[in-house]
Amino acid sequence: MQSISEKRTFWRSRFIDVAYDPVHEEMIDDMVMTHDIAESLFSPFVKKNAILDRTHLWRNKTVFYYIGNEYTDKHREVIRDGIQLIRDATCVKFVELRHPSQAPGTYVHISSRKGCYARIGSKCKNAVCEMSLEIPGCIHTGTVAHEFLHVLGFFHMQCATGRSNHIRVMFDNIDEKMWGNFEEYATDSTLLGTPYDYESITHYGSMFFSKDKINPSIITRDQTIQKRIGQRKYLSRGDIERVLRLYNCY
Ligand SMILES: [Zn+2]
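Residue numbering for the sequence shown follows full-length UniProt numbering, beginning at 1 and increasing consecutively.
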């Protein structure tokens, strides 16, 4: 039986092989990020907390986005509804572009590739932050909101610093290649001083990446919450609070 730290070393070395772009970017589950951000998340020796570094946030609290031509009117409606969940509850502004050439600077380019994923923060190659919302699997309001929280700079809740007080990750029931999705962050880039949030739209569900699809990959310490983790329908009060804090909405 390997210790968690041995497992961690193991997956980190494996992870390099599957990196999205080994030179500049890394991909962890559905989050694409610069190597610097990944390092600051996982290394206790890197003091700088990347996403609290305001240069990664969206300037003027405004996110520009463009929805690719492949989406139907119905798809667009769902994407806009997902964005609206964040817009209605926070001070972050979202501006839709009719054409990428209208972008005044960095913008999110939404297209249907393989799977659902997004860039973390606003530092993107050539000022284009790629987001994939695959048709039809990712066209859900909650999924869109989840991906846009990544865009704003948020990571997954189940990896938050100190998460072990709230959940147990059942590594033996998770494929080793996926362990990276469950590693605990070394720096608090997710909680921003709020309590651990089982209800967060960024929290994995009990069965995410479960190897046998029968036993959970995550067990909540409080058993009464077990069935409630992994919701993708709404922003939790905590999700909203963290956006308000990160973007100084107060
Ligand atoms: Zn995600």
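Just so you know, even glycine gets a beta-carbon here, dropped at the ideal spot from N, CA and C. Given the structure is predicted, the values throughout are model-derived calculations rather than measurements.
Under the three-state reduction of DSSP, VAL92 is assigned to coil, being neither helix nor strand. Nearest in C-alpha terms to SER164, of all of TYR198, PHE64 and HIS150, is TYR198. Distances from the CB of GLU147 to the heavy atoms of ligand 1 include at least one below 8 Å. In terms of Cα proximity to ASP239, the closest of SER217, ILE225 and THR194 is THR194. For the pair ASP30 and THR143, the Cα-to-Cα distance works out to about 11 Å. Distance from THR90 to LEU244 at the Cβ level is roughly 6 Å; contact confirmed, criterion being Cβ atoms closer than 8 Å.
Around SER236, the same chain offers ASP197, GLU199 and SER200 as residues with beta carbons nearer than 6 Å, after the five sequence neighbours per side are excluded.
Closer than 8 Å to some heavy atom of ligand 1: that does not describe the Cβ of THR220. For THR202, the distance from the CB to the nearest heavy atom of ligand 1 is below 8 Å. By the criterion of at least three beta-carbon pairs nearer than 8 Å, the stretch 171-181 is not in contact with the stretch 130-145. In this structure, HIS99 has its beta carbon at no less than 8 Å from each heavy atom of ligand 1.
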